[in-house]
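Chemist: My questions will all concern the structure given below.
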């Protein structure tokens, strides 16, 4: 059936494209399973554990929004490679629980898909690799350009920013980012903050 | 199928025409898709790098500093402005720097300003002064937590306070609380650092953008040691007392946007007749009061703080002085700073030992783009420099690793050719597993053969997180090998590079652009090909010395050996011994002839602290012991470190003026060359009376609230965080895939449907 060949080729192309798209999602899902495991080990051992042998990054924290039953393991760094596997802890920003702004960034269509569901007042728990959990409350959202985030990393408050691409349902990537701002409400442990 | 068959009624001829049209569109569509898909596949790898965060902000070395921004409830407004005055005095071997930052609040709200700024990594910050109105408040050194607490307390109480903290060894933060509406607060810090020397050239660098590049070379010197000792004391004394007599700069704010306008003045007292003095990145005018002194100022007044200031100077004589010796008496101790450049040229006639060089090249994904091009060019250059008597091998690694030859081979043209094509074909991809590569490079198969000098040249951007593991590998396995780190790209992990080179007893070379490959690699090869001065030791004949570094490193060609010591008495001499190639070498310096230096105790303490930090990371000392050492040194010498901060609190309540002040009142001492009116186009102190400070803001509650919630924080713009790209094309691809599948299914049915009746 030679005249079916173009049709088959078209179908094949469609499959490949679909497969590539699905692969990105599959990778994101599978990586989170491996990361979850590595993160548990990290908390247990106190050392960074790579999720797989050739990984270029390692889990540093876990973000959880209990109301939405959403959670994701955050990786060190926010390079494209890292973001394919999980949210990234943006370089040059503080760790969760510290004075300043901790910025985590992830893809809008995978790990931070839940971000659009997060409402003001929702509680966001961030567990660090030492096992301590910090609870933040979402108190605002902004839409900014990627290079004009307006995030002040030196603020004296204890803030958290979750960032992803905006608009949520766009198909191509643009310069706009959606930022969810949250402020620390309680450190899980009784460890005093510096200077208090 | 019956349905389709049922509606099958068109004549054959119409069908085939329709089919021809369909086929035409199909072929067109497929062609377009194939091209599109090919482009997609081709762009797949670059897509990784495109998704990487924009380096401009995430990598501090590329960040530009900019204006301070004021954060308000509604977003950001251009508000508190900052001017910077840098006043440097070079006294022989040391640089005393005074950095004045001007925080001004043009708004109607009370402000807290924070400014992050870089300093040279060897800089010892020891002084913080805050100028409020007519008073100068001098900061005290405190443990970091305690300093923070004092600052917070003052902030809550509405007092003016300033805090200097170390973020990294080369990045500091100044915070200033309670700048009233229209008020101006000056914060002044001072630091001490040694002058850098390489070969015949001395240099100093003032980093002005956050993310300075470390220059790990030790340093310094400036006085001729003559046989009769008459050359001692040539270093002139600190001319700071002259400062007020220096005429102010003529500034031209019209030509410069007032974004962190920075003014720089250097008083250069080299201690020897000066030859060429050159500023590399700024236009300067240079005055020469006498042949050993220069005064350097910016030609066009303040510049935006967006590039490092680099000044180099050379002696008028052909060769730089090869020995310098300086002393300072502080407290009960004498401090000594000695720098010795071992003779180099005399030894060059000697035939160097053949070398066994192991080249390691990082071709991981993070090296993508220009980094891999620089790395390959550097390695190809290095291969070209090998001598036939040398042996070599090449290792490339990402998350996998290849060793080109099973054992190191002679550098015959055939072998070098093989290696060159191997290197030429490398692509950047994959993860970064540095430790196995380092282990392979350090495994010395010819240990029995002492006729070869073994060198490892390691080209990488150092983008790894398990630095500690790499350090441990080097210290455990280095054997007789020496590790020369070559940092590639604009923002290599300099911490990793310097530390690895230090542990591997080699050097660190930074190649920031393709243009630098030739020059920097030539410099590296001068070090690789000439015998190092090894087995160095220093012995004091009479004095008890606390020497740093405690184990003297090897010194490569044209590098000076820098020693700092604390002595119980300044008597006798110090003998420095070592071997240059295979010839023993020694020099004896009589301590009594040392010239008076400035700030040597700080330089000594800073190096001791750096030593303790190294011991901490290499686990030669427990973290607790190292911290204890650092804290004791920092408190004794008043230095800002990881564990200590400087804090200044203006005890004067923010009340109507005219009351006696509790603190010592000093006359305002605005830095010379710095003119507020000319920087800002108006007078420094606004006619806002202290009396109005609180009254303006209503009752105390509002005040506290204003300080707490609406975030009265001004921030430097390098601070604003750049966000990574966070969208995948997954959905786009999936949708395109589904559309294609649907279309092909329809077409399939369509063709099927028309072929069936046949």
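Protein chains in written order, with this note's numbering: chain E, 3 to 198; chain C, 55 to 812. Even glycine gets a Cβ: it sits at the ideal position worked out from N, Cα and C.
If we ignore side chains and look at the alpha-carbon of each, how far apart do residue 338 of chain C and residue 573 of chain C end up?
Modeler: About 25 Å.
Chemist: By the three-class DSSP mapping on this structure, what secondary structure does residue 25 of chain E have?
Modeler: Helix.
Chemist: Please classify residue 420 of chain C: does DSSP put it in a helix, a strand, or coil?
Modeler: Helix, per DSSP.
Chemist: Quick check: what's the CA-CA separation for residue 143 of chain E versus residue 364 of chain C?
Modeler: If I take the Cα positions, the gap works out to 43 Å.
Chemist: Given that residue 352 of chain C touches chain E, what residues does it touch there, using C-beta distances under 7 Å?
Modeler: Under the 7 Å cutoff, chain E gives no residues; its nearest Cβ is about 28 Å from residue 352 of chain C.
Chemist: Mind reading off the beta-carbon distance from residue 215 of chain C to residue 702 of chain C? Whole number of angstroms is fine, and I expect it under 8 Å.
Modeler: Contact flag correct, Cβ pair sits at about 7 Å.
Chemist: Mind pulling the alpha helix (DSSP H) runs of 4 or more residues that sit fully within the stretch 170-234 of chain C?
Modeler: For the stretch 170-234 of chain C, whole alpha helix (DSSP H) runs of length 4 or above, ordered along the chain, are 198-210.
Chemist: DSSP state of residue 435 of chain C, grouped into three classes?
Modeler: Helix at residue 435 of chain C.
Chemist: Give me the chain C residues within the contact set of residue 183 of chain E, using Cβ-Cβ distance strictly less than 8 Å, ordered along the chain.
Modeler: Under the 8 Å cutoff, chain C gives no residues; its nearest Cβ is about 11 Å from residue 183 of chain E.
Chemist: Any contact of the stretch 442-450 of chain C with the stretch 458-468 of chain C, i.e. 3+ C-beta pairs under 8 Å?
Modeler: Cβ pair count under 8 Å is three or more, so yes.
Chemist: May I have the straight-line CA-CA distance separating residue 819 of chain C from residue 357 of chain C, to the nearest angstrom?
Modeler: Look at the range of chain C in this structure, 55 to 812, and you will see that residue 819 of chain C is not part of it.
Chemist: Are the C-beta of residue 126 of chain E and some C-beta of chain C separated by less than 7 Å?
Modeler: No, because no Cβ of chain C sits closer than 7 Å to the Cβ of residue 126 of chain E.
Chemist: Got a sec: is the Cβ-Cβ distance from residue 87 of chain E to anything in chain C below 7 Å?
Modeler: Chain C, which has no Cβ nearer than 7 Å to the Cβ of residue 87 of chain E, makes this no.
Chemist: Pull up the distance between the alpha-carbon of residue 29 of chain E and that of residue 77 of chain E, whole angstroms please.
Modeler: Cα-Cα distance, rounded: 15 Å.
Chemist: Cα separation between residue 534 of chain C and residue 528 of chain C?
Modeler: Distance between the alpha carbons of residue 534 of chain C and residue 528 of chain C is about 11 Å.
Chemist: Can you name the residues that DSSP bridges to residue 610 of chain C?
Modeler: Beta-bridge pairing links residue 610 of chain C to no other residue.
Chemist: Please report the straight-line C-alpha distance between residue 100 of chain C and residue 420 of chain C, rounded to a whole angstrom.
Modeler: Unreliable positioning characterises residue 100 of chain C in this predicted model, as indicated by a pLDDT of 31, which lies under 50. A coordinate reading is not provided.
Chemist: So is residue 115 of chain E in contact with chain C if we call contact Cβ pairs under 7 Å?
Modeler: So, not an interface residue.
Chemist: Please name the residue or residues paired with residue 49 of chain E in a DSSP beta bridge.
Modeler: In DSSP, residue 49 of chain E forms no bridge with anything.
Chemist: For residue 44 of chain C, I'd like the list of residues in its chain whose CB is within less than 6 Å of its CB, leaving aside the five on either flank, ordered along the chain.
Modeler: Within the shown structure, residues of chain C are numbered from 55 to 812, placing residue 44 of chain C beyond reach of any answer.
Chemist: DSSP state of residue 354 of chain C, grouped into three classes?
Modeler: Coil at residue 354 of chain C, not helix or strand.
Chemist: Return the Cβ separation of residue 166 of chain E and residue 117 of chain E in integer angstroms, given the expectation that the two are a contact with Cβ distance under 8 Å.
Modeler: Going by Cβ atoms, the distance from residue 166 of chain E to residue 117 of chain E rounds to 5 Å, so yes, they are a contact pair.
Chemist: Determine whether the Cβ of residue 778 of chain C lies closer than 7 Å to any Cβ atom of chain E.
Modeler: Closer than 7 Å to some Cβ of chain E, the Cβ of residue 778 of chain C qualifies, so yes.
Chemist: Between E:6, E:65, E:179, E:108, which has its C-alpha nearest residue 86 of chain E's C-alpha?
Modeler: That would be E:108, whose Cα lies nearest to the Cα of residue 86 of chain E.
Chemist: Applying a beta-carbon distance threshold of less than 7 Å, which residues of chain E neighbour residue 485 of chain C?
Modeler: Neighbours of residue 485 of chain C on chain E, chain order: 56, 57, 58.
Chemist: Can you give me the C-alpha to C-alpha distance between residue 674 of chain C and residue 65 of chain E, rounded to a whole angstrom?
Modeler: The alpha-carbon atoms of residue 674 of chain C and residue 65 of chain E are separated by roughly 37 Å.
Chemist: Say yes only if the C-beta of residue 537 of chain C is nearer than 6 Å to one or more non-hydrogen atoms of the ligand NAP, and no if none qualify.
Modeler: The ligand NAP is not part of this structure, which contains no ligands at all.
Chemist: Would you please verify whether the beta carbon of residue 602 of chain C is less than 7 Å from any beta carbon of chain E?
Modeler: Not an interface residue.
Chemist: The beta strand (DSSP E) that contains residue 366 of chain C, what's its start and end?
Modeler: Residue 366 of chain C -> beta strand (DSSP E) spans 363-369.
Chemist: Nearest CA to the CA of residue 696 of chain C: which residue from C:583, C:185, C:195, C:350?
Modeler: The option with the nearest alpha carbon to residue 696 of chain C is C:195.
Chemist: For the stretch 417-434 of chain C, which residues have a beta carbon sitting closer than 8 Å to at least one beta carbon of chain E?
Modeler: Residues passing the 8 Å Cβ filter: 418, 419, 420.
Chemist: Going along chain C in order, which residues have a C-beta closer than 8 Å to the C-beta of residue 148 of chain E?
Modeler: Per Cβ cutoff of 8 Å: 108, 776, 777, 778, 779.
Chemist: Return helix, strand or coil for residue 569 of chain C, following the three-state DSSP convention.
Modeler: Residue state, collapsed to three classes: coil.
Chemist: Output the boundary residues of the alpha helix (DSSP H) element that contains residue 684 of chain C.
Modeler: Element bounds for residue 684 of chain C: 677-691.
Chemist: Measuring only the C-alpha atoms, how far is residue 646 of chain C from residue 628 of chain C?
Modeler: One C-alpha to the other measures close to 10 Å.
Chemist: For the beta strand (DSSP E) containing residue 599 of chain C, name the first residue and the last one.
Modeler: Unbroken beta strand (DSSP E) run through residue 599 of chain C: 599-602.
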